[in-house]
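Q: Below is the structure I would like to discuss, written out as structure tokens.
Protein chains: 2
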Amino acid sequence: MKNFLLTIAYIGTRYHGYQVQKNLITVAGTFQDALEDLLGVRADITGCSRTDSGVHANGYCLNFRTDMKISPQSLIMALNVRLPEDISVVDCREVPIDFHARYSCVRKEYLYLFLNSHFPNPFYHNRAMFFPHPMDEKLLDRAAKEFTGTHDFKAFCASGCTLKNTTRTIFESGVTRQGDLVTFRICGDGFLYNMVRIIAGTLIEVSKGRFTPENVKEMILSRDRTKTGMTAPPHGLYLNRVFYE
Amino acid sequence: MKNFLLTIAYIGTRYHGYQVQKNLITVAGTFQDALEDLLGVRADITGCSRTDSGVHANGYCLNFRTDMKISPQSLIMALNVRLPEDISVVDCREVPIDFHARYSCVRKEYLYLFLNSHFPNPFYHNRAMFFPHPMDEKLLDRAAKEFTGTHDFKAFCASGCTLKNTTRTIFESGVTRQGDLVTFRICGDGFLYNMVRIIAGTLIEVSKGRFTPENVKEMILSRDRTKTGMTAPPHGLYLNRVFYE
Chain A
1 MKNFLLTIAY
11 IGTRYHGYQV
21 QKNLITVAGT
31 FQDALEDLLG
41 VRADITGCSR
51 TDSGVHANGY
61 CLNFRTDMKI
71 SPQSLIMALN
81 VRLPEDISVV
91 DCREVPIDFH
101 ARYSCVRKEY
111 LYLFLNSHFP
121 NPFYHNRAMF
131 FPHPMDEKLL
141 DRAAKEFTGT
151 HDFKAFCASG
161 CTLKNTTRTI
171 FESGVTRQGD
181 LVTFRICGDG
191 FLYNMVRIIA
201 GTLIEVSKGR
211 FTPENVKEMI
221 LSRDRTKTGM
231 TAPPHGLYLN
241 RVFYE
Chain B
1001 MKNFLLTIAY
1011 IGTRYHGYQV
1021 QKNLITVAGT
1031 FQDALEDLLG
1041 VRADITGCSR
1051 TDSGVHANGY
1061 CLNFRTDMKI
1071 SPQSLIMALN
1081 VRLPEDISVV
1091 DCREVPIDFH
1101 ARYSCVRKEY
1111 LYLFLNSHFP
1121 NPFYHNRAMF
1131 FPHPMDEKLL
1141 DRAAKEFTGT
1151 HDFKAFCASG
1161 CTLKNTTRTI
1171 FESGVTRQGD
1181 LVTFRICGDG
1191 FLYNMVRIIA
1201 GTLIEVSKGR
1211 FTPENVKEMI
1221 LSRDRTKTGM
1231 TAPPHGLYLN
1241 RVFYE
């Protein structure tokens, strides 16, 4: 029995999120269909996390076990010809049999993309949040940097969150601009439900002048979801990289 | 009567090219529908050039005349709410009444994008030519630079070309890489039918080692379409910018 770790990229637009749901098209269900077509049996796959409907991935990781004798390179090719055009396997390696895509993960990186232009650009439709008002990436970068460190991020978790431990460590957080594209990048040991989208929504409020970078500290300390920004739309969010030991 | 010059961006995938064709969805036809909905009458629009089915544009230019009293900014907004998501107006200005998007054009710039990675990337599906074999951008850049200057480009025009004058001036031509994305950029006073795609196809042959950069000169001198590369697929091509006096 072999355990394979695969990295996949997908455009989330067509999917009801990553996680399998009955009677809905999901990334995991679509991947399982392709894998079943190859292996002849439906395999259990373990994903590194859930992603919401409309959220994209540059490097989502999952693993599965199989008795099939196949090399990682052949597995990539065999799956890519069976997958639709909005999902691709981009990497594959054999890992120890007890490797688990979720539990073995030590760090994840997300991107949130803003298209900051006067008028919409069709090439970013459904791939970045369109924001036609001024955006000062240096100010946003200062606000983003306030999230680094180990904090209780309860104020940045979807309301109704029942998690006991809402403390997470953010290793890096910053904002950069390339032309009209403003990218918020955040890397941490884990993220609460909707956390990156709520932080992105908070950055939008900073752009609008409703919050200053200095307010972020108080927001975190408040542990109160009503003190933070809106949940930014899913189509700007990308699970960019997943790190293992 | 006012004459408006508009710049539009579009994803060509869904369209049977720019030019209106009976019973087929085209960029021009779709734009005319939106404009008719706004003006109440079907206006003649003049495009800067034709683009083939599947070819994209970052900055296609067109003009039309109207008696409607509307500012360029309002015109952009009013058209964008009426256009589908794969076409956007990105600029608009009033121009002299005799301005003509095709005849007044002095220079055009095209991009041809190659996705040079081992495995397909869903975000570049239909937006770049996937080329999974080695590509030396420095070698390609040397080949691309051989096209600059004033030459008879008959060898780089679709066979069956009946144009009398196949001489064009190329101002700039080069290849750069950003990660997996290899971009061929070419700027000239005009282009023959399929010229950029045949040059891109010739660069592919250079990548495969079938031609050297030094062969380009002989190819141009041959004036023989059979001596040059294949016509690269349309979905890697972008009309990037159009220049006026």
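Residue numbers (our numbering), protein chains in the order written: chain A, 1 to 245; chain B, 1001 to 1245. Just so it is clear, CB atoms sit at the ideal spot from N, CA and C, and this is done for glycine as well.
Please classify B:T1096: is it buried, with 16 or more other beta-carbons within 10 angstroms of its beta-carbon, or exposed?
A: The sequence as given places Pro at residue 1096 of chain B; Thr does not occur at that position. Exposed, since its Cβ has fewer than 16 Cβ neighbours within 10 Å.
Q: Please tell me whether B:G1029 and B:V1020 are closer than 8 Å, where the distance is taken between their beta carbons.
A: A contact, by the Cβ cut-off of 8 Å.
Q: Alpha carbon to alpha carbon, how far is A:C105 from B:D1091?
A: Looking at the two C-alpha atoms, the distance is approximately 46 Å.
Q: By the criterion of Cβ-Cβ separation under 9 Å, what are the contact partners of A:L103 in chain B?
A: A small fix is needed here, since residue 103 of chain A is Tyr in this sequence, not Leu. In chain order: nothing, as chain B lies at least about 27 Å away.
Q: Using CA coordinates, which residue listed in A:R65, A:P120, A:Y112 and A:G47 is at the minimum distance from B:R1082?
A: Checking every option, the nearest Cα to that of B:R1082 belongs to A:P120.
Q: In the DSSP assignment, the alpha helix (DSSP H) including B:N1215 goes from what residue to what residue?
A: Looking at the DSSP string, the run of the alpha helix (DSSP H) that includes B:N1215 is N1215 to S1222.
Q: Just by C-beta distance, which residues in the segment 1115-1140 of chain B are closer than 7 Å to chain A?
A: From the segment 1115-1140 of chain B, only F1119, P1120, N1121, P1122, F1123 and H1125 have a Cβ closer than 7 Å to chain A.
Q: Quick one: residues in its chain with C-beta nearer than 7 Å to the C-beta of A:N240, no 5 flanking neighbours on either side, listed in chain order?
A: Contacts found: N58, G59, E109, Y110 and L111.
Q: Short check: CB of A:H56 to CB of A:Y124, under 8 Å?
A: Cβ distance not < 8 Å, so A:H56 and A:Y124 don't count as in contact.
Q: Nearest to A:A158 by CA position, among A:I186, A:D52 and A:C61, is which residue?
A: Nearest option by C-alpha distance: A:D52.
Q: Can you pull the chain B residues whose beta carbon is under 9 Å from the beta carbon of A:N63, in chain order?
A: Chain B residues near A:N63: none, gap ~18 Å exceeds 9 Å.
Q: Sort out for me which residues DSSP pairs B:K1145 with in a bridge.
A: Bridge partners of B:K1145: none, in fact.
Q: Can you tell me the Cα-Cα spacing of B:L1192 and B:T1166, whole angstroms?
A: Roughly 7 Å separates the two Cα atoms.
Q: Which residues mark the beginning and the end of the beta strand (DSSP E) in which B:A1009 is found?
A: From DSSP, the beta strand (DSSP E) with B:A1009 extends over K1002 to Y1010.
Q: For A:H235, name the three-state secondary structure that DSSP assigns.
A: In this structure, A:H235 counts as helix in the three-state DSSP scheme.
Q: Among the candidates B:V1242, B:T1212 and B:F1243, whose CA atom is the shortest distance from the CA of B:T1246?
A: For residue 1246 of chain B there is no data in the structure shown, the boundaries of chain B being 1001 and 1245.
Q: For the segment 83-100 of chain A, list every residue whose C-beta sits within 7 Å of some C-beta in chain B, in sequence order.
A: Within the segment 83-100 of chain A, the qualifying residues are E85, D86, I87, S88, V89 and V90.
Q: For B:R1014, I'd like the list of residues in its chain whose CB is within less than 7 Å of its CB, leaving aside the five on either flank, ordered along the chain.
A: Answer for B:R1014: I1025 and D1086, listed in chain order.
Q: If we cut at 8 Å on Cβ distances, does A:N80 have a partner in chain B?
A: A:N80 counts as touching chain B.
Q: Report the rounded CA-to-CA distance for A:G47 versus A:V41, giving the unit in angstroms.
A: Their Cα atoms are separated by approximately 18 Å.
Q: With a threshold of 8 Å between beta carbons, is B:I1198 in contact with chain A?
A: Chain A contact via Cβ: absent.
Q: Counting Cβ pairs closer than 8 Å, one from the segment 1065-1074 of chain B and one from the segment 1125-1138 of chain B, do we hit at least three?
A: Cβ pair count under 8 Å is below three, so no.
Q: Would you verify that the beta carbon of B:I1076 is, or is not, closer than 8 Å to some beta carbon of chain A?
A: At least one chain A Cβ lies under 8 Å of B:I1076.
Q: Listed in chain order, which residues of the segment 1004-1017 of chain B have Cβ atoms closer than 7 Å to some Cβ of chain A?
A: Within the segment 1004-1017 of chain B, the residues whose Cβ lies closer than 7 Å to some Cβ of chain A are A1009, Y1010 and I1011, listed in chain order.
Q: What residue from A:H16, A:L115 and A:D67 has the CA that sits closest to A:Q178's CA?
A: Nearest of A:H16, A:L115 and A:D67 to A:Q178, Cα basis: A:L115.
Q: My understanding is that A:G174 touches A:A144, with C-beta atoms under 8 Å, so please give their C-beta distance in whole angstroms.
A: Contact flag correct, Cβ pair sits at about 5 Å.
Q: How many Å lie between A:A43 and B:D1044 at the Cα?
A: Cα to Cα, the separation comes out at about 58 Å.
Q: I need the DSSP call for B:N1063, collapsed to helix, strand or coil.
A: If DSSP states are grouped into helix, strand and coil, B:N1063 belongs with the strands.
Q: Less than 8 Å between the CB atoms is what I'm expecting for A:G236 and A:A200, so what's the real figure, rounded?
A: Right, their Cβ atoms sit about 7 Å apart.
Q: For the beta strand (DSSP E) that contains B:V1206, what are its first and last residues?
A: First-last for B:V1206: M1195 to S1207, but that is the alpha helix (DSSP H), not the beta strand (DSSP E).
Q: For A:L62 versus A:A101, is the C-beta spacing smaller than 8 Å?
A: Yes; because the gap between Cβ atoms is below 8 Å, this pair is in contact.
Q: By the 10 Å Cβ neighbour count, where 16 or more other Cβ atoms means buried, how is B:L1163 classified, buried or exposed?
A: Exposed, by the Cβ-count rule.
Q: From which residue to which residue does the beta strand (DSSP E) around B:T1030 run?
A: Not the beta strand (DSSP E): B:T1030 falls in the alpha helix (DSSP H), residues V1027 to L1039.
Q: So for A:R93, helix, strand or coil by DSSP?
A: Three-state result, A:R93: strand.
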